[in-house]
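Below is one structure; the comments refer to it alone.
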Amino acid sequence: MPTYKHSGLLVEALSTALAQDTDFAYAVVVVNDGCPFPETGRVCREFAAAHSGRLHYLHKRNAGLSAARNSGIAFALDAFPALEAVYFLDSDNRIRPHLLQRMLDALRAAGPEVGWAYPDVDKFGFFEFCDMSGAYSPLEHLFRNVSEAGSMASRRLLDSGARFDEAMRQGSEDWEFWLQGLERGFHGVHVPGTGFGYRRRGESMLTESERDYRPILTHIQKRHPALFAVRAVLRAEAAVGRRYAVYLPDRAIVRCVTDPAAGEEDVPLADFVRRALRAPERPGYGECPGLLAVMDSGLYELLKRHRLLRGTLWVLERAAAQATLVRAEVAARAVESGGALSWSGAPVGLQADAPFPLPDGGAAMAMLPTAVLLDLVRRQPAGTPMLEREPWKPCAEVRLTLTLALPGAVQPPASADPALSALREAMAAAWSRPSNGGWAAAPIDRYRTGVATPEDVYRTVHQLPSVLPLLHPTGNRRLAALVADPADAQALDTAARMARWLAGKGYDAHLVALGGGGLSLAADVVEAFASVIPHPLSLVLPERPLTHRDAYLGTPLRPLDAVEEDMAVGTLAVFDLVVAVRHGAAHPLMGRLRALGVTGWALLGSSDAPDAPSLADTVNGCAAFEHAYQTIVPLEARTFRLCRALGVPPDKLRRWEDATEPDADLDWTACAPLSSCLPETSAAA
73 MPTYKHSGLL VEALSTALAQ DTDFAYAVVV VNDGCPFPET GRVCREFAAA
123 HSGRLHYLHK RNAGLSAARN SGIAFALDAF PALEAVYFLD SDNRIRPHLL
173 QRMLDALRAA GPEVGWAYPD VDKFGFFEFC DMSGAYSPLE HLFRNVSEAG
223 SMASRRLLDS GARFDEAMRQ GSEDWEFWLQ GLERGFHGVH VPGTGFGYRR
273 RGESMLTESE RDYRPILTHI QKRHPALFAV RAVLRAEAAV GRRYAVYLPD
323 RAIVRCVTDP AAGEEDVPLA DFVRRALRAP ERPGYGECPG LLAVMDSGLY
373 ELLKRHRLLR GTLWVLERAA AQATLVRAEV AARAVESGGA LSWSGAPVGL
423 QADAPFPLPD GGAAMAMLPT AVLLDLVRRQ PAGTPMLERE PWKPCAEVRL
473 TLTLALPGAV QPPASADPAL SALREAMAAA WSRPSNGGWA AAPIDRYRTG
523 VATPEDVYRT VHQLPSVLPL LHPTGNRRLA ALVADPADAQ ALDTAARMAR
573 WLAGKGYDAH LVALGGGGLS LAADVVEAFA SVIPHPLSLV LPERPLTHRD
623 AYLGTPLRPL DAVEEDMAVG TLAVFDLVVA VRHGAAHPLM GRLRALGVTG
673 WALLGSSDAP DAPSLADTVN GCAAFEHAYQ TIVPLEARTF RLCRALGVPP
723 DKLRRWEDAT EPDADLDWTA CAPLSSCLPE TSAAA
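Just so you know, we're using this note's numbering here: the sequence shown kicks off at 73 and counts up by one.
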């Protein structure tokens, strides 16, 4: 129990600590963190004298809450060789007599992977009950603290070296402590009915930490880069649950999926309805997917067969970040070989704030947040399906059109609109309002309830609305994104050749078609990529006009608006390597990607594409963002010389040995090969 300036509350906390009813021996260690009030020391000395052998009093210079707790841990480990666990109690809180027994029983019954036990939080002062029940979620713990300081740490966690960060003096040090346990392979376990009382005051340290939250979270992330890396968070997301619930009405099932290549879960419609309806009432983060899509199974399998399903779900999710409801028409035709696709979109109801009806025909696919449909079911009686526009999104609805030209027979997809309305009616029929559990006197904080959404995690952790759900491959394979303009056939061909080259170096290469217009790919080009990720620009909102600030030394640049930039970074953040293939629109993204641990290459060369920038503009545009790239790859000697002339550092320049012809320029032929930039594991693979 650390104490500082709480002498008036200390007696109550000590009394509850000494009144525990246990079948094991325990001791109380009080650490006076240099409190300037003499009565604090007097109270501690009097209690130590009255409870000799049970209460131990330490007095140290003021160094903060973390240092006080660490001093107490060090004393306890030295003084009690048979120590099983340590419980942390702040001197302004209180506990019921059965708390220690129930906490230790839970740790004793748990497996070796459990490192700590945590309670519900019964707040008094400002009354509130925080229900922390439900399975422990490592993903949830990354973006909000589900274990209060009033938790019990096992001896195995303390022996692993976990200690409080003494540099943290503005709050949330308990959160960082439990994340140490998570990083060491431990999990927590919830213990109900412990009787932990947390004093909630208007100007508590927690209130202060909430006011200055971002620097605290930044500090925590820097302490645990392995936990907060984009791919690590994505793996944690996939381990907890699924991102998308895809309702296939012709099969009466809901297919739950994050990355289609990493597994799917088919749930009967009635089971999914029960799962969704219980989400707002019972804790269990991640049990219900946060995004609901509707399409028939034939269209689902068609997109999956042609490696377009992941990209299609991502396009719908991107649009759903800007609208309450997304609907997509699909026009498909058969071709002999190859394939082509294009996306177009238009916002509807930009200024609308009144409810609007669910549509009833025309769209082959639809997507909306599951929570929006749940809110509709809970607030509207059956038979009145009216969606309310989410106030923080610019559009009530986005209407997309996907045009496909694919080899083989293509059946016209069924409409998703009636199925969406039918799903709403099925949920409304199953809905019944649960009792309030007897907590009428105090509001219950249900922040651990509700459906899981990508924005919960990635907005807090990485300041992104979401990331592409592409799970990292097994073994030594790494992930590469080839970013090319879908309108530049020459760049697409270069990307395909680079993808084949990278495949031989241990990479799974994916095409990210960043830009407007349609995407046409020959069959041999499609086969070069693990998947095709369309990223049409601008998907929903119109492009902003260029200004004088959008030019670097006379070269016009077209930066993305903030929303589109966030989603583009989210598309690319999951990759180990991002290669911009003759594509200037990718340059402004690379600084943010580098900060997320992504390696960036730029392939530069002249282009024969219509409206393509000149070679000088191509190199100059890259030079504006050269600092964000680890490697710049001129595709011919002329481009190499121009890079040198525009100040690109020589140690960043590499020659792609599989794509260049010998040249009389000795500097060019002496340029280090691109393969020298690859990690040894990739080169070996």
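Just so it is clear, CB atoms sit at the ideal spot from N, CA and C, and this is done for glycine as well.
Buried versus exposed call for residue i [16 or more other C-beta atoms within 10 Å across all chains shown]
i    : result
S686 : exposed
R727 : buried
M240 : buried
E469 : buried
A234 : buried
W511 : In this prediction, W511 scores a pLDDT of 35, lower than 50, which makes its location untrustworthy; no coordinate-derived value is stated.
F96  : exposed
V83  : exposed
D730 : exposed
S209 : buried
R256 : exposed
E185 : exposed
Q394 : buried
A121 : exposed
M458 : exposed
T286 : A small fix is needed here, since residue 286 is Arg in this sequence, not Thr. When all chains shown are included, R286 counts as exposed.
L676 : buried
G197 : exposed
G656 : buried
P606 : buried
Residues near residue i by beta carbon distance below 6 Å, same chain, minus five either side
i    : result
G663 : A700
T525 : G362
D739 : none
P463 : none
N508 : Because the pLDDT of N508 is 37, which lies under 50, any placement of that residue in the model is unreliable, and the number read from its coordinates should be weighed accordingly. Nothing listed; no residue qualifies.
V597 : A568
A513 : Residue placement at A513 is flagged as unreliable, the pLDDT there being 46, under the threshold of 50; a coordinate-derived value is accordingly withheld.
Identity of the residues DSSP links to residue i by a beta bridge
i    : result
H259 : V186
T671 : L649
D580 : L551
W415 : L474
Y159 : M224
H659 : H659 pairs with nothing; no bridge assigned.
T384 : Note: T384 sits in no beta bridge, so no partner.
P441 : L363
D338 : R327
T75  : N104
Residue range of the beta strand (DSSP E) that includes residue i
i    : result
P706 : T703 to P706
K132 : L127 to K132
V366 : L363 to V366
R117 : R117 -> not in any beta strand (DSSP E); alpha helix (DSSP H) instead, spanning P110 to A122.
H607 : V604 to H607
G269 : F268 to R272
A395 : A395 to V407
E200 : E200 to C202
Near the ligand SAH: residue i beta-carbon under 7 Å from a heavy atom
i    : result
G587 : For the ligand SAH, the structure offers nothing, since it holds no ligand at all.
Residues of its chain near residue i, where Cβ-Cβ distance is below 7 Å and the 5 sequence neighbours each way are ignored
i    : result
Y159 : L172, M175 and M224
A392 : L363, V398, M439, L440 and P441
H296 : L251 and E255
L625 : N692
V345 : A498, M499 and A502
R531 : P537
Residue i: first and last residue of the uninterrupted alpha helix (DSSP H) it sits in
i    : result
K195 : Taken as a continuous stretch (DSSP letters only), K195 belongs to no alpha helix (DSSP H), being part of the beta strand (DSSP E) at V193 to G197.
Y530 : P526 to H534
F344 : L341 to R350
C467 : Taken as a continuous stretch (DSSP letters only), C467 belongs to no alpha helix (DSSP H), being part of the beta strand (DSSP E) at C467 to P479.
Y98  : That residue, Y98, is in no alpha helix (DSSP H); it is neither H nor E in DSSP.
A285 : Checking the sequence shown, residue 285 turns out to be Tyr, not Ala. From DSSP, the alpha helix (DSSP H) with Y285 extends over Y285 to R295.
C715 : A709 to A717
A792 : Lying outside 73 to 757, the shown extent of the chain, residue 792 is not represented and no answer is given.
V597 : A595 to E599
Whole-number beta carbon distance between residue j and residue i, since they are thought to touch under 8 Å
i    : j    : result
V101 : G144 : 5 Å
P352 : G522 : 5 Å
P479 : S592 : Wrong, their Cβ atoms sit about 13 Å apart, outside the cutoff.
V653 : A556 : 4 Å
F647 : L551 : 5 Å
A674 : V705 : 7 Å
R496 : L388 : At roughly 18 Å, the Cβ-Cβ gap does not stay under 8 Å, so R496 and L388 are not in contact.
Own chain residues within Cβ distance below 8 Å of residue i, not counting five before or after
i    : result
S369 : L320, D322 and R323
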